[in-house]
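**Student:**
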Amino acid sequence: MATIAVLDQNTIDKIAAGEVVERPASVVKELVENAMDAGATAITVEIRDGGISLVRITDNGSGIPAEQVPLAFLRHATSKIRSVEELVQIASLGFRGEALSSISAVAQIEMITKTPDALTGTRYVIEGGAEKANEEVGAPTGTTFLVRNLFYNTPARQKFLKTPVTEANAVTSVVEQLALSHPGISFKYMVNSQVKLHTSGNRNLKELVYNIYGRDIARELIEIHSESPLMTIDGFIGKPVISRGNRNFENYYVNGRYVRSKLLARAIEDGYQTSMMQHKYPFTLFYVQMDGEAVDVNVHPTKMELRFSHQEEIYRQMRDMISGALNHREQIVKVSLSS
Ligand code: ADP
Ligand code: MG
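One point on numbering: in full-length UniProt numbering, the residue at position 65 of the sequence shown is 65, and numbering is uninterrupted.
1. Please name the residue in E176, M111 and R148 whose C-alpha comes closest to that of E135.
2. Just to confirm, is the Cβ distance from residue 428 to V88 under 8 Å?
3. Would you kindly work out how many angstroms separate the C-alpha atoms of residue 402 and S79, rounded to a whole number?
4. Using 8 Å as the threshold, is the region 186-200 in touch with the region 38-50, meaning 3 or more CB pairs across them?
5. Would you please state the rounded distance, in angstroms, between the beta carbons of L93 and D37? I believe it to be under 8 Å.
6. Just checking, does the region 150-168 make contact with the region 226-239 on the three C-beta pairs under 8 Å criterion?
7. Taking just the CA atoms, how far does D117 sit from Y258?
8. Since G238 contacts F286 with CB under 8 Å, what's their CB separation in whole angstroms?
9. Taking 8 Å as the threshold (C-beta atoms), are M304 and A267 in contact?
10. With distances taken Cα to Cα, identify the nearest neighbour of R82 among V69, G97 and P70.
11. Hey, quick one: how far does the alpha helix (DSSP H) through T166 stretch, first residue to last?
12. Report the three-state DSSP secondary structure of D291 (helix, strand or coil).
13. With distances taken Cα to Cα, identify the nearest neighbour of T274 among V125, G245, P240 and H225.
14. At which residue ranges does the region 220-277 contain complete beta strand (DSSP E) runs of 3 or more residues, listed in the order of the chain?
15. Can you pull every residue whose C-beta falls closer than 6 Å to some heavy atom of the ligand MG, listed in chain order?
16. Please name the residue in I57, I109, G51 and A40 whose C-alpha comes closest to that of P70.
17. With C-beta atoms as the reference, is V195 less than 8 Å away from F151?
18. Measure the alpha-carbon distance for T11 versus T154 and round it to whole angstroms.
19. In whole angstroms, what is the alpha-carbon distance linking N288 and T163?
20. Alpha carbon to alpha carbon, how far is L54 from R148? Give it in angstroms, no decimals.
21. Based on Cα-Cα distance, which residue from E269, I185 and V209 lies nearest to S200?
22. Taking the CB atoms as reference points, tell me whether A16 and S102 lie closer together than 8 Å.
23. Please go through the same chain and pick out, in chain order, the residues whose beta-carbon is closer than 7 Å to the beta-carbon of E330, but skip the five residues on each side of it.
Right, here's the structure in full:
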């Protein structure tokens, strides 16, 4: 009979990495969210071969102090929370301290980072969980991550990667969602050295939609605003003419987080109800702000699925806001695109 033994740390990390890192798009999401949490106002994302051979993310955020760099790559090491109580009012996107340890377990990472008050920066290399270099270098303030050869040491996972084109498409939609979720951050996105997206970070939502979805979408939007003691919603809904055959156009961000919610999706679709043909889904872009007490983000490691208290009220406010805006379209249309 086989004997029972506790797995070694490297094996534990590789297994756990599967929870967080599924494909290049998940690497991009985690690293960009870290850059956002670091207060970056400009973020560059670059991929090669769909992000399989290279993901490079550069930010102008706070950087990591030299003595803390190795800590950042330890599992459950985070600067963002100290206790579970703080999760209730969490303002950062990350909090589990799992991304860097997970990515470094299954790829080759080179990181260069500098804080504003340090004279020099740090270059740190870690491959398959093993530290390869930790040295002083000249660097601008902020952080650059190079993630090479995802799953190079886990063939079983590598096998599940799709073609570079398919992986690049997944990265593109993640980058678009992240850019939409933070209109105050300038994004530059490059695929195989070609610039695919460049947003200004000037918070102009119409310009952002134009940039990402193009003119035909941007000219068919209705501006919305709704406030209750529970939540504030701002953004746009698309007129029914720009509906689609899938839900990919239903964008909503809760407290700056790119999320999925069955409750919100149902409220959106019920709000459109009579205005929409069957099997058609609307374009929406909502920024929802609500008290941390009313929403639980601690449901899944990828933090996509949300849990709400006051489900019924949230559902009704969202649905009624939409049906109201659609029914009084004449008064609410303020959006016209100049170009
Ligand atoms: P989490 O985001 O949940 O804290 P991560 O593993 O993603 O965990 O990151 C670990 C820590 O490394 C963060 O808490 C943060 O202190 C630091 N860090 C990671 N990326 C950056 C970055 N781009 N700029 C500044 N600090 C960073
Ligand atoms: Mg993180």
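C-beta atoms are modelled at their ideal positions from N, C-alpha and C, and glycine is treated no differently.
All figures in this text were calculated on a predicted structure; none of them were measured in a lab.
**Tutor:** Let me spell this out:
1. For the purposes of this step, residue 135 is taken as the residue at position 135 of the sequence shown. For the residues E176, M111 and R148, the minimum Cα distance to E135 belongs to M111.
2. Since the first and last residues shown for the chain are 1 and 339, residue 428 lies out of range.
3. Since the first residue shown for the chain is 1 and the last is 339, residue 402 is missing from the structure and cannot be characterised.
4. By the C-beta criterion, the region 186-200 is judged to be in contact with the region 38-50, since at least 3 inter-stretch pairs fall below 8 Å.
5. Here residue 93 refers to the residue found at position 93 when the sequence shown is read from its first residue. Here residue 37 refers to the residue found at position 37 when the sequence shown is read from its first residue. Yes, L93 and D37 are in contact; Cβ-Cβ is about 6 Å, under 8 Å.
6. In short, these stretches do not touch, since the Cβ pair count stays below three.
7. Indexing the sequence shown from 1 puts residue 258 at position 258. Indexing the sequence shown from 1 puts residue 117 at position 117. Take the alpha-carbon of Y258 and the one of D117: they are about 32 Å apart.
8. Here residue 238 refers to the residue found at position 238 of the sequence shown. Here residue 286 refers to the residue found at position 286 of the sequence shown. About 11 Å separates the two Cβ atoms, so there is no contact after all.
9. Here residue 267 corresponds to residue number 267 of the sequence shown, with the count starting at 1. Here residue 304 corresponds to residue number 304 of the sequence shown, with the count starting at 1. Taking 8 Å as the cut-off, the beta carbon of A267 is found no closer than this to the beta carbon of M304.
10. One-based indexing of the sequence shown puts residue 82 at position 82. For the residues V69, G97 and P70, the minimum Cα distance to R82 belongs to G97.
11. Within the sequence shown, numbered from 1, the residue matching residue 166 stands at position 166. Looking at the DSSP string, the run of the alpha helix (DSSP H) that includes T166 is P164 to S181.
12. Counted from its first residue, the sequence shown places residue 291 at position 291. In the structure shown, D291 sits in coil (DSSP, three-state: anything other than H, G, I, E or B).
13. Within the sequence shown, the letter at position 274 stands for residue 274. Minimum Cα distance to T274 is reached at P240.
14. Counting only runs of 3 or more residues that sit fully inside the region 220-277, the beta strand (DSSP E) segments are 221-227, 231-238 and 250-254, in chain order.
15. Here the residues come out as E30, E33, N34, G94 and A99.
16. Looking up residue 70 in the sequence shown gives position 70. The residue with the shortest Cα to Cα distance from P70 is I109.
17. Here residue 195 refers to the residue found at position 195 of the sequence shown. Here residue 151 refers to the residue found at position 151 of the sequence shown. For the pair V195 and F151, the CB atoms are not nearer than the 8 Å cut-off.
18. The residue you call residue 11 lines up with position 11 of the sequence shown. The residue you call residue 154 lines up with position 154 of the sequence shown. Taking the straight line from one Cα to the other gives about 11 Å.
19. Within the sequence shown, numbered from 1, the residue matching residue 288 stands at position 288. Within the sequence shown, numbered from 1, the residue matching residue 163 stands at position 163. What sits at residue 288 in the sequence shown is Val, not Asn. Take the alpha-carbon of V288 and the one of T163: they are about 35 Å apart.
20. Taking the first residue of the sequence shown as 1, we reach residue 148 at position 148. Taking the first residue of the sequence shown as 1, we reach residue 54 at position 54. Cα-Cα distance, rounded: 5 Å.
21. The residue you call residue 200 lines up with position 200 of the sequence shown. Just measuring C-alpha positions, the residue of E269, I185 and V209 sitting nearest S200 is I185.
22. On the sequence shown, residue 16 is found 16 positions in, with the first residue counted as 1. On the sequence shown, residue 102 is found 102 positions in, with the first residue counted as 1. The answer is yes: Cβ separation under 8 Å.
23. For this step, residue 330 is matched to residue 330 along the sequence shown. Since pLDDT at E330 reaches only 46, below the 50 mark, its modelled position is unreliable, and no value is offered.
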